[in-house]
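Just so you know, the sequences run in chain order A and B. Read in order, the letters of the first sequence correspond to residues 1 to 399 in UniProt numbering. Read in order, the letters of the second sequence correspond to residues 1 to 694 in UniProt numbering. Okay, so here's the structure we're looking at.
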Amino acid sequence: MPSSRDVVFVDGVRTPFGKAGPKGLYAETRADDLVIRVIRELMRRNPNLPPERVDEVAIAATTQIGDQGLTIGRSAAVLAGLPKTVPGYAIDRMCAGAMTAVTSVAGGIAFGAYDVAIAGGVEHMGRHPMGEGVDPNPRFLAERLVDGSALVMGMTAENLHDRYPSITRERADAFAVASQEKAAKAYADGNIQPDLVPMATRSAERGWGLAGADEAPRPGTNLEALATLKTPFRPHGRVTAGNASGINDGATGCVVAAADVAQELGLTARMRLVSYAFAGVDPEVMGVGPIPSTERALRLAGLSVSDIGLFEINEAFAVQVLAFLEHFGIADDDPRVNPYGGAIAYGHPLASSGVRLMTQLAREFGERPAVRYGVTTMCVGMGMGGTVVWENLAWEGAK
Amino acid sequence: MTENGKNLETLFPDEVVTKAIVHDVELPHGAGLMALITLDNGFDHTKPSTFGPAGLASLGEALDAVAARSDLAAVGVVGKPFIFAVGADLKGLPVITGQEQALRIGQLGHEVFRRLGELDVPSFAFVNGAAMGGGLEIALHCTYRTISSGVTAVALPECFLGLVPGWGGTQLLPRLVGPATAIKLIVENPLSQNRMIKGPEAFAAGVADAMFEPADFLEESLRWAARVLRGEETVSRTDHTVDDWSKTLADARFLVDMKLRGASPAPYRALDLIELARTASRSEGFAAEDQTLADLLMGDELRAGLYSFDLVQRRAKRPAGAPDRELARKVTKVGVVGAGLMASQMALLFARRLEVPVVMTDLDQERLDRGVGHVHAEIDRLLGRGRLSADQANRLRALVTGSLTKDAFADADFVIEAVFEDLGVKKKVFAEVEEVVSAECVLATNTSSLPVTEMAAGLRHPERVVGFHFFNPVAVMPLLEIVRGAETDDATLATAFAVGKTLKKSSVLVKDAPAFVVNRLLTRFMGEVIGAVDEGTPIEVADHALDGLGLPMTPFTLLQLVGPAVALHVAETLHAAFPDRYGVSENLARLVAAGKPGVYAPDLSLDREATALFAGGTSPSTAEEVRLRALRALAEEIRIMLDEGVVAAAQDIDLCMILGAGWPFHLGGVTPYLDRAGVAEPRFLPRGVASVPA
């Protein structure tokens with residue numbers, strides 16, 4: 001068994017993201033059906049990958065009950081029509097679920113346990129509202145292990161504004177407007193659609209439909225409109241529905257493989273996994289998580305932040321992206337950061353988002369052969385950050 | 001809706017309306033906008049979507065709205081989950097009283113459905129689930145069709161009931177797939193126990209242009225539609241109208257005639273319409289369908305067909321007189337006394353359906369080994385045919401065991417005997433079993449003619465004895481006559497019905513009367529025909545005198561299937577009970593004595609040695625006389641059975657004849673036909689129940 005080998009990202013797709021709730025695209029569509037659709041599309045897009053060569057299906061979900069339960073990686077694999085010899089599992093690291101699915105199978109590939117795996121995530125926040133069924137241990141508060149605000153993500157974002165007084169609501173709103181503009185442009189340029197798989201939507205009242213695009217983006221959002229929004233987490237606070245990601249439904253998935261096996265099968269490797277790291281921070285400021293995780297991942301890669309040509313950072317909240325940028329001395333409007341826009345526009349179906357970042361990075365890499373390295377990073381509830389460093393296999397310097 | 005349409009709606013006051021819901025869909029690849037129509041009656045898949053006047057009106061309105069638009073690239077039709085649509089709502093048909101109304105049913109369907117093929121943009125049917133009758137016709141009217149490989153039922157079952165697929169089916173399908181395939185779907189399958197085909201077969205037959213797996217059927221169908229619209233996918237069609245259809249049609253007419261002998265008009269009319277499809281314009285063809293539907297709707301054969309359908313769909317599921325099912329006791333182990341052929345068949349059926357241990361007993365080790373061996377061989381055969389997995393086969397083999405002593409029944413909850421048809425033998429068997437089993441264990445008898453009450457007499461617990469009469473072959477025939485003896489209690493009876501249901505049989509409650517229902521009537525019927533032969537009517541005349549009924553086989557063919565010895569035994573039993581109505585043919589006894597399997601040779605010609613045994617009669621009858629005699633005898637016997645309370649109603653007689661004797665739907669079993677033939681006085685069923693209302 002080889003001790004280590006290169007791991008590559010082959011292909012990623014996702015369903016369009018819907019708005020959670022009774023009027024959302026997927027109000028009557030099952031979460032597992034979203035995952036199944038993604039898996040089938042990955043197999044369809046990669047006809048060189050024999051289904052029996054998939055060695056693992058790792059699917060993340062934060063709330064693993066109902067249609068997100070029953071070991072969703074395995075049950076979705078069976079329902080997607082993969083051979084019954086293909087195993088699967090469910091995985092959870094809240095917002096970084098899909099990211100962790102990728103790093104876990106990547107670890108297995110590097111170790112030699114797998115050749116090819118499918119990793120992804122799903123969150124149907126309409127069917128499974130945040131915090132559904134949770135039962136926090138009373139010791140958290142009794143022993144003051146965490147602040148009372150730690151489990152309310154919007155409050156942790158307000159706490160982050162406190163830690164970074166220079167990040168004002170105006171800066172956050174400006175970042176949000178830019179996210180919407182970049183997303184609208186990415187759509188107009190046709191950079192998003194190639195990695196979306198159209199999803200049938202069921203509605204007893206309205207009949208069948210087809211989701212072909214994200215429901216959440218609000219092109220044309222402006223600062224004036226954002227300035228009027230309420231701050232639900234704190235009176236006269238800074239965090240609004242406009243400068244945060246929404247409550248969404250969606251699923252993502254990707255094919256990850258050993259570099260040599262990808263070559264053997266004729267799969268197009270698009271990114272090489274360079275390093276990854278997760279790190280813990282105080283849960284009440286969970287938004288700073290990407291800072292230590294990125295520092296660690298860069299150290300493991302032997303790279304510095306100046307080597308990174310593209311950042312795909314999840315926009316759970318504008319403030320948390322801005323804190324990251326401020327820490328690393330990157331301008332708010334740096335073109336290397338989320339060039340296609342981020343979760344403020346597209347939405348953030350918790351456990352699915354990690355692979356959306358990777359899919360977008362892979363497409364951006366293809367557009368930018370001058371860039372060699374990029375990172376995908378995100379903050380995680382309960383005070384964590386996750387970062388994966390990738391090498392662009394379309395990098396012109398290699399040719 | 002037209003005036004006539006409104007009139008029709010009053011005939012369907014309880015219509016479960018299938019709504020046509022329009023939802024715009026932006027097709028992939030920039031192929032434009034599709035108005036996607038979902039057909040949904042608001043219930044889950046257990047109540048499939050059907051079409052009555054209000055449902056047709058809803059689809060008509062949806063198509064009005066769609067036709068008025070100029071922004072569409074295409075129109076699509078899809079069903080609710082698991083169901084596309086299963087055709088016309090049959091509930092209102094029995095109350096149609098006039099030719100005009102009947103004509104209107106066909107016209108209304110055409111007016112709506114045909115628009116799907118006459119829009120300015122292409123139409124696509126996405127057959128995501130069961131598509132039957134009018135449901136399939138909706139798909140046929142569309143320009144293109146996709147089908148899910150998971151669809152379990154595609155059919156045009158109209159001829160099975162006595163109708164034709166007259167909302168376009170007979171005109172569109174032959175042109176799409178050619179006459180041979182169309183005949184198979186429209187005529188042959190309905191006449192073969194209403195066989196349905198699955199999605200992959202429908203696709204292979206050309207009914208659909210593309211097939212996708214169920215997991216993301218609609219998405220992939222829409223992608224395909226987009227490619228078709230963009231010209232990236234071409235759908236090739238064969239022009240079948242240039243071919244000569246005459247031989248195919250002649251062959252089909254011959255086969256239909258072999259089966260029906262003119263007894264039911266629908267398949268013949270369907271073939272006429274299929275023939276017309278080659279040359280007729282759409283409007284001519286649809287008008288001919290309207291006329292045919294009206295004629296058939298005003299015919300008694302269809303009414304009897306609808307009546308029969310209702311019997312097997314509804315009455316069979318709620319047996320008249322069955323006790324509260326809550327009273328049924330759990331059955332965790334079954335005993336079968338005997339190891340003969342019938343016993344082996346029963347043992348396998350119990351093991352397969354109840355999935356509990358089944359012990360067979362016999363006094364003779366060799367017979368026992370043969371019986372268990374027969375079951376195991378049958379399991380191997382099912383395994384070989386892929387009907388069982390290796391694990392399932394292992395499970396079944398382990399479930400069925402043999403024992404020389406009845407001790408093995410100690411923990412059984414249900415013991416059925418299938419020993420020699422002799423009252424003394426059976427009483428002795430039950431007495432022995434009672435020594436071993438619990439006080440609640442049901443003792444069932446598979447007797448075909450012996451009295452259940454007498455069999456129970458003398459037992460410590462006669463209340464647990466029940467008749468449980470299968471038909472041969474046990475695995476195939478759907479009827480179970482459940483016989484209540486004088487002492488049988490409700491818990492025993494409820495357990496018997498529950499077991500019958502788990503065995504997937506249709507059970508009918510029968511009083512403890514000689515030969516119960518099916519054998520009593522068939523024996524009477526055959527007795528009259530054999531009697532006519534005994535009197536000098538040539539076998540070839542007598543045996544074909546009732547061809548006009550379209551029975552599954554002639555009386556002498558049935559005799560051969562049952563076996564002359566068994567038939568003679570039942571005739572003797574019935575003669576003992578009803579000597580003035582049941583004779584015992586001496587010629588039949590001679591046939592048995594000669595060891596002949598019947599009067600037909602293996603090549604189906606008459607065996608002259610056998611027919612010689614029937615010679616000597618001096619007062620031959622004409623075929624018409626034989627027919628009337630047999631029908632009158634049936635009517636007389638049924639009247640007596642109803643008076644005796646053998647079953648709850650004439651409907652149960654008919655159910656028994658349909659399910660136990662395979663008598664056809666167009667006869668309504670038997671009593672509607674006897675009413676129609678004018679030999680029942682008074683009628684068994686009021687006009688309108690299984691006939692055109694007065």
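Backbone N, C-alpha and C define an ideal beta-carbon position, used for all residues, glycine too. Remember, it's a predicted structure, so these values are computed and weren't measured experimentally.
Check: Once you ignore the five residues that flank Val474 (chain B) on each side, which residues in its own chain have a CB closer than 6 Å to its CB?
Finding: For the purposes of this step, residue 474 (chain B) is taken as residue 474 along the second sequence, with counting starting at 1. Gln345, Met346 and Leu349, listed in sequence order.
Check: Nearest CA to the CA of Arg227 (chain B): which residue from B:Tyr144, B:Val164 and B:Leu172?
Finding: By one-based count along the second sequence, residue 227 (chain B) stands at place 227. Of the candidates B:Tyr144, B:Val164 and B:Leu172, the one whose C-alpha sits nearest the C-alpha of Arg227 (chain B) is B:Tyr144.
Notebook entry, point to check: Going along the chain, which residues of the region 207-226 of chain B sit with their C-beta nearer than 8 Å to a C-beta in chain A?
Noted result: Glu213, Ala215, Asp216, Leu218, Glu219, Leu222 and Arg223
Item checked: Beta-carbon separation (whole angstroms), Phe82 (chain B) vs Gly129 (chain B), contact threshold 8 Å -> Locating residue 82 (chain B) in the second sequence gives position 82, counting from the first residue. Locating residue 129 (chain B) in the second sequence gives position 129, counting from the first residue. The Cβ separation is near 4 Å, so the contact holds.
Note to self: Quick check on the DSSP output: the alpha helix (DSSP H) that includes Cys254 (chain A) runs from which residue to which?
What the structure shows: In the first sequence, counting from the first residue as 1, residue 254 (chain A) sits at position 254. No alpha helix (DSSP H) holds Cys254 (chain A); the beta strand (DSSP E) holding it covers Asn248 to Ala258.
Next item on the list: Determine contact between the region 169-182 of chain A and the region 332-344 of chain A, defined as no fewer than three beta-carbon pairs at a distance below 8 Å.
Entry: yes
Note to self: If contact is defined by three or more beta carbon pairs under 8 Å, each pair taking one atom from either stretch, is the region 49-63 of chain A in contact with the region 89-96 of chain A?
What the structure shows: yes
Check: Closest Cβ-Cβ distance between Cys21 (chain B) and chain A: below 7 Å?
Finding: Numbered from 1 along the second sequence, position 21 holds the residue referred to as residue 21 (chain B). In the sequence as displayed, the identity of residue 21 (chain B) is Ile instead of Cys. Interface residue, yes.
Note to self: Looking at chain B, is there any beta carbon in it that lies within less than 7 Å of the beta carbon of Gly212 (chain A)?
What the structure shows: Your numbering for residue 212 (chain A) matches position 212 in the first sequence. Cβ-Cβ to chain B under 7 Å: yes for Gly212 (chain A).
Note to self: So that I know if they touch, is there some Cβ in chain A lying closer than 7 Å to that of Leu172 (chain B)?
What the structure shows: Here the question's residue 172 (chain B) lines up with position 172 in the second sequence. No, because no Cβ of chain A sits closer than 7 Å to the Cβ of Leu172 (chain B).
Check: Taking 7 Å as the CB-CB cut-off, is Pro48 (chain B) touching chain A?
Finding: Against the second sequence, residue 48 (chain B) aligns to sequence position 48. Output row for Pro48 (chain B): interface = no.
Note to self: Out of B:Val483, B:Asp257 and B:Glu137, which one is the CA nearest neighbour of Leu185 (chain B)?
What the structure shows: Here residue 185 (chain B) refers to the residue found at position 185 of the second sequence. It is B:Glu137.
Notebook entry, point to check: Closer than 9 Å, Cβ to any Cβ of chain B: which residues of the region 41-53 of chain A, in chain order?
Noted result: Glu41 and Arg44
Notebook entry, point to check: Closest to Val483 (chain B) by CA distance: which of B:Phe254, B:Ile638 and B:Thr495 is it?
Noted result: Against the second sequence, residue 483 (chain B) aligns to sequence position 483. Of the candidates B:Phe254, B:Ile638 and B:Thr495, the one whose C-alpha sits nearest the C-alpha of Val483 (chain B) is B:Thr495.
Next item on the list: Name, in chain order, the residues that DSSP records as bridge partners for Gly107 (chain A).
Entry: Taking the first residue of the first sequence as position 1, residue 107 (chain A) is located at position 107. Paired residue(s): none; Gly107 (chain A) is not in a bridge.
Item checked: Rounded straight-line distance, which links the Cα of Glu28 (chain A) to that of Leu265 (chain A) -> In the first sequence, counting from the first residue as 1, residue 265 (chain A) sits at position 265. In the first sequence, counting from the first residue as 1, residue 28 (chain A) sits at position 28. C-alpha separation (whole angstroms): 38 Å.
Checklist line | Limits of the unbroken beta strand (DSSP E) element including Ala90 (chain A) | finding: Numbered from 1 along the first sequence, position 90 holds the residue referred to as residue 90 (chain A). Ala90 (chain A) -> beta strand (DSSP E) spans Gly88 to Ile91.
Next item on the list: Using a Cβ-Cβ cut-off of less than 8 Å, give me the residues of the region 331-353 of chain B that come near chain A, in sequence order.
Entry: none
Next item on the list: Can you grab the Cα-Cα spacing for the pair Phe684 (chain B) / Ser308 (chain B), in whole Å?
Entry: Your numbering for residue 684 (chain B) matches position 684 in the second sequence. Your numbering for residue 308 (chain B) matches position 308 in the second sequence. Going from the Cα of Phe684 (chain B) to the Cα of Ser308 (chain B) covers about 15 Å.
Next item on the list: Have a look at A:Gly126, A:Thr294, A:Lys182 and A:Ile118 and flag the residue whose alpha-carbon is nearest the alpha-carbon of Ala323 (chain A).
Entry: Looking up residue 323 (chain A) in the first sequence gives position 323. For Ala323 (chain A), the nearest C-alpha among the options comes from A:Thr294.
Next item on the list: Measuring only between beta-carbons, confirm whether Val25 (chain B) sits less than 7 Å from chain A.
Entry: One-based indexing of the second sequence puts residue 25 (chain B) at position 25. Chain A contact via Cβ: present.
Item checked: Minimum length 3: unbroken beta strand (DSSP E) runs contained in the region 463-494 of chain B -> 465-469 and 479-484
Notebook entry, point to check: How is the beta strand (DSSP E) around Arg372 (chain A) delimited, first residue to last?
Noted result: Walking along the first sequence from the start, residue 372 (chain A) turns up at place 372. Note, Arg372 (chain A): premise wrong, no beta strand (DSSP E); not H, not E.
Next item on the list: Can you pull the chain A residues whose beta carbon is under 7 Å from the beta carbon of Pro28 (chain B), in chain order?
Entry: Locating residue 28 (chain B) in the second sequence gives position 28, counting from the first residue. The answer, in chain order, is Pro198 and Gly212.
Notebook entry, point to check: DSSP on Met384 (chain A), reduced to helix/strand/coil?
Noted result: Stepping through the first sequence from its first residue, residue 384 (chain A) is reached at position 384. Three-state result, Met384 (chain A): strand.
Checklist line | Contacts of Gly17 (chain B) in chain A (Cβ-Cβ under 8 Å) | finding: In the second sequence, residue 17 (chain B) corresponds to position 17, counting from 1. A quick correction: the sequence has Val, not Gly, at residue 17 (chain B). Those within 8 Å of Val17 (chain B) in chain A number zero; the least Cβ separation is about 14 Å.
Margin query: On the DSSP bridge list, what partners appear for Lys19 (chain A)?
Written below: The residue labelled residue 19 (chain A) in the question sits at position 19 within the first sequence. Partner(s): A:Asn248.
Notebook entry, point to check: Can you give the Cα-Cα distance for Gly73 (chain A) and Tyr89 (chain A), rounded to whole angstroms?
Noted result: As a working note, residue 73 (chain A) is residue 73 in the first sequence. As a working note, residue 89 (chain A) is residue 89 in the first sequence. Cα to Cα, the separation comes out at about 4 Å.
Notebook entry, point to check: Is the CB of Gly207 (chain A) under 7 Å away from at least one CB in chain B?
Noted result: If you number the first sequence from 1, residue 207 (chain A) lands on position 207. Yes, Gly207 (chain A) lies at the interface with chain B (some Cβ there is under 7 Å from its Cβ).
Note to self: Please confirm whether Thr38 (chain B) has its beta-carbon closer than 7 Å to some beta-carbon of chain A.
What the structure shows: As a position in the second sequence, residue 38 (chain B) is number 38, starting the count at 1. For Thr38 (chain B), the answer is yes, since a Cβ of chain A falls inside 7 Å of its Cβ.
Note to self: Suppose the cutoff is 7 Å on Cβ atoms and the five residues either side in sequence are ignored; what does the same chain contact list for Arg127 (chain A) look like?
What the structure shows: To locate residue 127 (chain A), count along the first sequence from 1; it is residue 127. Here the set comprises Ala31, Gly66 and Asp67.
Next item on the list: Could you tell me the distance, in whole angstroms, from the CA atom of Leu267 (chain A) to the CA atom of Asn46 (chain A)?
Entry: Walking along the first sequence from the start, residue 267 (chain A) turns up at place 267. Walking along the first sequence from the start, residue 46 (chain A) turns up at place 46. If I take the Cα positions, the gap works out to 7 Å.
Item checked: Minimum C-alpha distance to Val261 (chain A) - residue among A:Phe17, A:Leu49 and A:Gly154 -> Within the first sequence, residue 261 (chain A) is the residue found at index 261, counting from 1. When each option's Cα is compared against that of Val261 (chain A), the closest is A:Leu49.
Next item on the list: Assign Lys511 (chain B) to buried or exposed, taking buried as 16 or more other Cβ atoms, counted over all protein chains shown, within 10 Å of its Cβ.
Entry: By 1-based counting over the second sequence, the position of residue 511 (chain B) is 511. By the neighbour-count rule (16 or more Cβ atoms within 10 Å), Lys511 (chain B) is buried.
Note to self: I'd like to know if the region 22-31 of chain B and the region 386-394 of chain A are in contact, where contact means that at least 3 CB-CB pairs between them fall below 8 Å.
What the structure shows: no
Next item on the list: Please go through the same chain and pick out, in chain order, the residues whose beta-carbon is closer than 6 Å to the beta-carbon of Glu378 (chain B), but skip the five residues on each side of it.
Entry: Taking the second sequence and counting its residues from 1, one reaches residue 378 (chain B) at position 378. Contacts found: Leu348.
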